[in-house]
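Each remark here refers to the structure printed beneath this line.
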Amino acid sequence: MVAQNGLAVALAAWTAAPPADTLHVHVDHVLDGQERDWLRALSSAGTTVSWSARSTLPALALEVQPRDDPMGGVTARVAAPRSARVQVGDAASPIDSMVLDARGGAITVPIASQPLSVRVGSSQATAASADSLLARRVVVLGRGGWEGKFVIAALEERGWLVDARLAVAPGIDVTQGTPEMLDTSRVAAVIALDSAADRDASRIGAFVRSGGGLVLEPEAAGRPAFVGLAAGGVARRERPASITVADAAPRRALAMSAIAPLHAGAVAIEWRDGRVAAAARRVGAGRVIQLAYDESWRWRMSGGEGSMEAHRRWWTQVVGAAAYQAFAHTATSSATDAAPLASLYAALGAPRPALDAGATAERHGLHLWMIFALGAMLLAEWGSRRLRGAP
Amino acid sequence: MTARERLRRVQWLLGVTAVLSAASWAVTSATLLLLLIACADVAVPLSLSFRRTGLVLATLVALIAAGVALVRARGVSSEESVALWLEDHLPELRYSLVTLLKPVGAAEATLERVVAGTRWRAPLERALLRAVGVPLFLLAFALIVARMLPAGSARRALTPVRGDVLARTPTGARNASALESIVARVTPPAYSGLASVTIEQPTTITALAGSQLEIEGRRTDAPVDARVDSQRVAVVSDGARWRSTLTMPVRAEALRFADGIRERWVVLEPRADSVPVVTLTLPARDSVLRTRAGRIPIVAEVHDDFGLAGGWLELIISSGDGEQFRFRTLTLGHTSGGGARSSAIRRMLPLDSLRLEPGDVLHLRAMARDRNTVTGPGIGSSDTRTLRVLRAGEGDSVAMEGAPPPAADSSLLSQRMLVLLTEALVKQRRAMAHEPFVNESRRIAGDQARLRRRVADVIFARLGSPAPGEEQGGVEEERRGGMTPEQLLRAAEAATGTAADKTLDFSEDESPVVATNRPLLEAYQAMWDASRSLEIVEPERALPPMRRALEAIERARQVERLYLRGRPPVIVVDLARVRLSGSREGASARERTPRPADSLAARRLRRLERALTLLSGAHAPQRTAAIDSLLLLRVDALADAPALATSLATAIDVLRAGRDATEALTSARRALGEAPLVTPGLSSWGSAW
Amino acid sequence: MVSEFVFATVQYESGDWDSAPLVPANLIDSVARYTSIPVSPTGVIVPLSSPDLMRYPLVYLTGHLPVRLSDAERRSLARYLDRGGMLFVDDHNHDVDGQFHKTVTDEIRRAAGPLVELPNTHPLYTTFFHFDDGPPTTSQELNGWGDNLVHRHLMAVVRGGRIVVLYSNKDYSSEWGYHPENKRFLSVDNTRLGVNIVVYALTR
């Protein structure tokens, strides 16, 4: 029946004076929430409702979650047909578009006026985050040195609350906060930089198994105390793959101790020249990220204009990938429609052809070409009369 | 008067009438067109360019009208035509006038009589009335209508100028806000030589810092409040206008107007006056001078954005070595910029006049000052060139290791500081109670005594022996207090076993050791005197010996010290040997203070997010509020985030014009921090990977 | 050893940047002597305008002669400080009327902002060794050289609660300018403030 806009109007008319007991809807786009709910209401009220589509409708689903980043923002995961061009926007304006090479993709949006929407062709899904993240601290353990200093700086400048213990001499540490209190009620993740974290290995292990996050740099990962937590072994240290810090691949300019071999259950999440540069592993309820880099500070100092910000973002991403996440539920927007095609199936069942012509309601709109033809005919008649001198 | 003479007179009169008619039609048609524009402007405000075009059109219409009138009256140039016109209007002439224009012989007298018997006045008056009266009537009508138009409407059509938006009376003016229309006049500082500019309906005023800004609006019953960063700006009412005058600030600010009906924001975006750019082209590089004679050419190029006030060369000559350096600062080559934007400083520097010594270093740079009398003057300088005078035998040196200095007592005050303290005490004598005064005087006496002991340490260290008795104080100290410097030195040398007679010959040929120590011994003696006066609370009497001690110390400084230093060997510290070998007594764990988050970026991020949320609202006030929020965010970003400020400016303009601002907003989102990060595929680990 | 601390002396185009050649080794010795911080056994010299400056987040600058930075040096320094580097400047003249003081403070103001007095309760003085009275007085201040004033405070440019430029009028370049082997003659090591500066830079 209605494949154009204005289905809601036609449904209202149908509802006011139903011409038949059977309603078949033939659509060329995925129905929106209001149309779908209306049809479901008609179905519940006794009308037999069926639907069909002119062509294959794109299956689209959207999930929005808060980004684990003190700067805020959200991450949207999108499921859509392969090779589809997905346009992402929020309540204010379009934000970006992406072409999916698989059946899904993710986009992290630092500024979003929720709800977010994704559009493929004429189909649109909208969703808003139902939760917000509760702030937890990050604990940095290591020796006094540039890496520790700049890792803490990057996290603090990004807005993380950091506790730290930097050993400078036997029995003498520079501390911040209470780094010895490792508990998921206050700490999201621990970053162990080097052998100075050895003395806390057992407490860190318990923390991770109870759900906490752990980030290991090579020296710490290679220590016997952390073998049970590391995602893999630590290979010999390699020189940087690049002399200059290029914005496109800044970590190529860092020395690296590749992660090899990977332990069972670990997944490689970053490669460099065929070797694993970052790996992740679940230990108990917690997550561990092992890095192959131990001088990330050089990226911040020697990189291009945006390297400071990129370094902060990367460390936030590393910590966010391991951190214990505590959510607080927030109000859910009612104006969302996260998976419109799935919802249509759920509401009206699978599509099927129209049962019979008599039961199909069709709205015949006065098409533009008909108006144009009528106008042209009138004009011809008027011209003809003028030429003939007829009144 | 013959018929022909009468005809010529009529021809002249008709010619004048034609000209008058053409002029009248020209004026009238132009006036009517301008009236039409004025009426349209009353209904819908017409832009300045449209009204200026109307003025041009009115001129064209006037010319066309005049031309048409003249073409229609072209017959007056021919006597035959005029005669025929008269024959047409005076049938009683019975073609006698036309006939007379040709040779008719004997009938001429008869025809003359016929013509003379007719009166031509009436058709001429009618012709004049028709030719001039109609256009004048229309002109009068137009003027009456124009007079009935709202005030200022006719002026806007007749003399369109930037800023005349205030001359237009808005329709429905009863509840209109005083901020509906505003006009800003920007008068740049005089030194810039820039002309004044008028801006209608400004959202951003970009001008040189220090420019005078005059912002005007239409006066209504509601008073206008103007503020910059919560500071009120004076608003004066003048007839039908309100006016606010302020100076363009040095950093970007938002100027807020409010009148109880609406508010309006204007961004004040200062343009900084650049300091002069000075490039020293000669000498082109640092160098070493082998001789101290000759002349060095110096050339510097100077540029400024608004004009130079002057330029000069600055020289610093460093003399000395080791721990003693003297500096002389000279300026030369003063040139007047004369307001030019580019200039050059050229000078030959005669080295002889600088009295350079071997080893001296000449630091040379060019400087220039601009004419900025408001926020300046801006002073620019070139890179510095260093010219060093070669020493004789340079390169011959002996490497030796410096010895560690003796441990210093941080509680000691220098002699100069003690003099300053004592002078302050003397000044405060009247205002101070007796007891604190006594305590302070004795405290300074204590410091003076300790410094005296320190000087004694130095003297005796040089003589190769610890200062005997100083540590014990008491009797020994008192005994030494009465000694002259010579006696003291004798005592010192007696203690070290040196023959006093030989070394105490304080003649012109005195030994370097004595020459070095003599001023310090004098200082030592003067300090004794000062200590005693301070102890008995007579600081005024203490001051002269304290100053003598200071002067003696200064003299001791002047004694030449020789430092032998070649290229020091590269020292490789044996880390394994020294690692943790030191005593860490007094060292302990410390709390680190956290770094503040980059709250500026976070705050701006949230501000843009809120503005975008407002922008997505359906209601006009929400959009207006969103635009105002973007405008204020722009003010915040102008100083340190130019890319963001530019994107926001575009977004604001586009939104105000009611167009699609997606591109500008996307640009602003990205300028603010980071672009959206697209991750292909759905990772099993997390969104980031 | 990875990420070890390398003591870097800044080389600038004007002036005598190399006037205190023994200070680096002396401070390296002290850092090793008192702390467990990995440290390179030799210092390096790094031109102020070189990109290599970014490899050394703490650098030391001294001299007697006027310091006039080139545009490239000034830009490099500003970028270095923005990124998180720390510059320690010592007036080898110990003279507030001297040209080094006048010119280098002007350059610091242009590149980083105005210097302010660092309170003697600043964490710099307690970050390892404790200096209850602030910066230790040097023998150069007491023996009548330079401006003949005992400077009670160091100066600093502080950003976000962190010292980015530390400036001393106290002539530590003379005070610490001796071979580390001679440290054995001292009853109290006079380079201990240098250890605090290094530890502060490495942990803040």
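From first to last, the protein sequence lines are chains A, B and C.
This note's numbering puts the first residue of the first sequence at 1, with every later residue one more than the last.
This note's numbering puts the first residue of the second sequence at 392, with every later residue one more than the last.
This note's numbering puts the first residue of the third sequence at 1081, with every later residue one more than the last.
Even glycine gets a Cβ: it sits at the ideal position worked out from N, Cα and C.
Just so you know, these numbers come straight off a predicted model, no measurement behind them.
Rounded distance between the beta-carbons of S1094/C and T775/B, thought under 8 Å: For the purposes of this step, residue 775/B is taken as the residue at position 384 of the second sequence. For the purposes of this step, residue 1094/C is taken as the residue at position 14 of the third sequence. That pair is a contact at about 5 Å.
Which value, in whole angstroms, describes the spacing of the CA atoms of D920/B and P930/B? Here residue 920/B corresponds to residue number 529 of the second sequence, with the count starting at 1. Here residue 930/B corresponds to residue number 539 of the second sequence, with the count starting at 1. Between D920/B and P930/B, the C-alpha separation is close to 11 Å.
What's the call for T550/B, buried or exposed, on a 16-neighbour Cβ count within 10 Å? Translated into the one-based positions of the second sequence, residue 550/B becomes position 159. When all chains shown are included, T550/B counts as exposed.
Outcome for W656/B when other beta-carbon atoms lying within 10 angstroms are tallied against a minimum of 16: By one-based count along the second sequence, residue 656/B stands at place 265. When all chains shown are included, W656/B counts as buried.
Our contact map puts G1193/C next to V1237/C with C-beta atoms below 8 Å; I'd like the distance itself, whole angstroms only. On the third sequence, residue 1193/C is found 113 positions in, with the first residue counted as 1. On the third sequence, residue 1237/C is found 157 positions in, with the first residue counted as 1. G1193/C to V1237/C, Cβ: 5 Å. Contact.
With respect to the beta strand (DSSP E) encompassing V810/B, which residues constitute its N-terminal and C-terminal limits? Along the second sequence, one-based indexing puts residue 810/B at 419. No beta strand (DSSP E) holds V810/B; the alpha helix (DSSP H) holding it covers Q806 to K818.
Can you pull out the residues from the segment 996 to 1011 of chain B whose beta carbon lies closer than 9 Å to at least one beta carbon of chain A? L996, R997, L999, E1000, R1001, A1002, L1003, T1004, L1005, L1006, S1007 and G1008
Tell me the DSSP secondary structure of Y1140/C in three-state form. Here residue 1140/C refers to the residue found at position 60 when the third sequence is read from its first residue. In the structure shown, Y1140/C sits in a strand (DSSP, three-state: E or B).
W369/A burial status per 10 Å Cβ neighbour count (16 or more: buried): By 1-based counting over the first sequence, the position of residue 369/A is 369. Exposed, by the Cβ-count rule.
Would the segment 580 to 587 of chain B and the segment 616 to 633 of chain B be scored as touching if the rule is three or more Cβ pairs under 8 Å? Verdict: no, contact absent.
Spatial neighbours of P741/B in its chain, beta-carbon cut-off 6 Å, leaving aside the 5 residues before and after: Walking along the second sequence from the start, residue 741/B turns up at place 350. Same-chain partners within the cutoff: R686.
Taking the alpha-carbon positions, what's the D1213/C to A824/B distance? Here residue 1213/C corresponds to residue number 133 of the third sequence, with the count starting at 1. Here residue 824/B corresponds to residue number 433 of the second sequence, with the count starting at 1. Answer to the nearest angstrom: the Cα atoms are 29 Å apart.
Run of the alpha helix (DSSP H) containing D37/A, from where it starts to where it stops: Taking the first residue of the first sequence as 1, we reach residue 37/A at position 37. Unbroken alpha helix (DSSP H) run through D37/A: G33 to S44.
Along the chain, where does the beta strand (DSSP E) that runs through S50/A open and close? Taking the first residue of the first sequence as 1, we reach residue 50/A at position 50. Per DSSP, S50/A belongs to the beta strand (DSSP E) from T48 to A53.
Could you check where the alpha helix (DSSP H) with T726/B kicks off and where it finishes? As a working note, residue 726/B is residue 335 in the second sequence. Not the alpha helix (DSSP H): T726/B falls in the beta strand (DSSP E), residues Q715 to S727.
With burial defined as no fewer than 16 other Cβ atoms inside 10 Å of the residue's Cβ, what is the status of N830/B: buried or exposed? Position 439 of the second sequence, counting from 1, holds the residue named residue 830/B. The residue in question, N830/B, is exposed, as its Cβ has fewer than 16 Cβ neighbours within 10 Å.
Cβ pair count under 8 Å reaching 3, the segment 290 to 301 of chain A against the segment 218 to 237 of chain A: Three or more Cβ pairs drawn from the segment 290 to 301 of chain A and the segment 218 to 237 of chain A lie within less than 8 Å of each other, which places the two stretches in contact.
Relative to chain A, which residues along the segment 1100 to 1131 of chain C have a C-beta separation below 9 Å, given in chain order? Y1114, T1115, S1116, I1117, P1118 and P1131
Provide the residue(s) that pair with G767/B in DSSP beta bridges, ordered along the chain. Walking along the second sequence from the start, residue 767/B turns up at place 376. Answer by DSSP bridge pairing: none, since G767/B is not bridged.
With a threshold of 8 Å between beta carbons, is G265/A in contact with chain C? Working through the first sequence from its first residue, we reach residue 265/A at position 265. Closer than 8 Å: no.
So what does DSSP say about V109/A, is it helix, strand or coil? As a working note, residue 109/A is residue 109 in the first sequence. Note: V109/A maps to strand in three-state DSSP.
Under 8 Å, do Q1220/C and D1170/C count as touching if we go by C-beta distance? The sequence position of residue 1220/C within the third sequence is 140, counting from 1. The sequence position of residue 1170/C within the third sequence is 90, counting from 1. Going by C-beta atoms, Q1220/C is not nearer than 8 Å to D1170/C.
Short check: CB of R512/B to CB of R442/B, under 8 Å? As a first step, residue 512/B must be located in the second sequence, where it is residue number 121. As a first step, residue 442/B must be located in the second sequence, where it is residue number 51. Taking 8 Å as the Cβ cut-off, R512/B and R442/B do not qualify as a contacting pair.
Buried versus exposed, by CB contacts within 10 Å (16 or more), T450/B: As a working note, residue 450/B is residue 59 in the second sequence. Exposed, because fewer than 16 other Cβ atoms sit within 10 Å of the Cβ of T450/B.
Are any of the Cβ atoms in chain B nearer than 8 Å to that of L1229/C? For the purposes of this step, residue 1229/C is taken as residue 149 along the third sequence, with counting starting at 1. For L1229/C, the answer is yes, since a Cβ of chain B falls inside 8 Å of its Cβ.
Are the segment 179 to 193 of chain A and the segment 983 to 1001 of chain B touching by the rule of at least three beta carbon pairs closer than 8 Å? no
Whole-number beta carbon distance between Y1140/C and A1088/C, since they are thought to touch under 8 Å: For this step, residue 1088/C is matched to residue 8 along the third sequence. For this step, residue 1140/C is matched to residue 60 along the third sequence. Confirmed, Cβ separation roughly 7 Å.
Range of the contiguous beta strand (DSSP E) that encloses V1196/C: For the purposes of this step, residue 1196/C is taken as the residue at position 116 of the third sequence. V1196/C -> beta strand (DSSP E) spans V1196 to L1198.
For the pair the segment 57 to 73 of chain A and the segment 90 to 102 of chain A, tell me if three or more CB-CB distances fall below 8 Å. The segment 57 to 73 of chain A is not in contact with the segment 90 to 102 of chain A.
Which one of R683/B, A567/B and V624/B has the shortest CA to CA distance from G651/B? One-based indexing of the second sequence puts residue 651/B at position 260. The option with the nearest alpha carbon to G651/B is A567/B.
I'd like to check one pair, I107/A with P1067/B: are the Cβ atoms closer than 8 Å? The residue given as residue 1067/B occupies position 676 in the second sequence. The residue given as residue 107/A occupies position 107 in the first sequence. In this structure, P1067/B places its C-beta atom within 8 Å of the C-beta atom of I107/A.
Do the segment 193 to 209 of chain A and the segment 238 to 246 of chain A touch if we need at least three Cβ pairs shorter than 8 Å? No, the segment 193 to 209 of chain A is not in contact with the segment 238 to 246 of chain A.
Nearest CA to the CA of A1334/C: which residue from R136/A, A196/A, D200/A and E147/A? Here chain C covers residues 1081 to 1284 and nothing more, so residue 1334/C does not appear.
Going by beta carbon distance, what residues of the same chain come within less than 7 Å of G1143/C, once the five residues before and after it are set aside? Stepping through the third sequence from its first residue, residue 1143/C is reached at position 63. Same-chain partners within the cutoff: G1095, D1096, W1097, S1099, H1172 and F1180.
I'd like to confirm the pairing. Which residues does DSSP put opposite H694/B in its beta bridges? Position 303 of the second sequence, counted from the start, is the residue given in the question as residue 694/B. According to DSSP, which records beta bridges pairwise, H694/B is partnered with V668/B and S733/B.
Using a C-beta cutoff of 8 Å, does L680/B count as contacting chain C? Translated into the one-based positions of the second sequence, residue 680/B becomes position 289. Chain C, which has no Cβ nearer than 8 Å to the Cβ of L680/B, makes this no.
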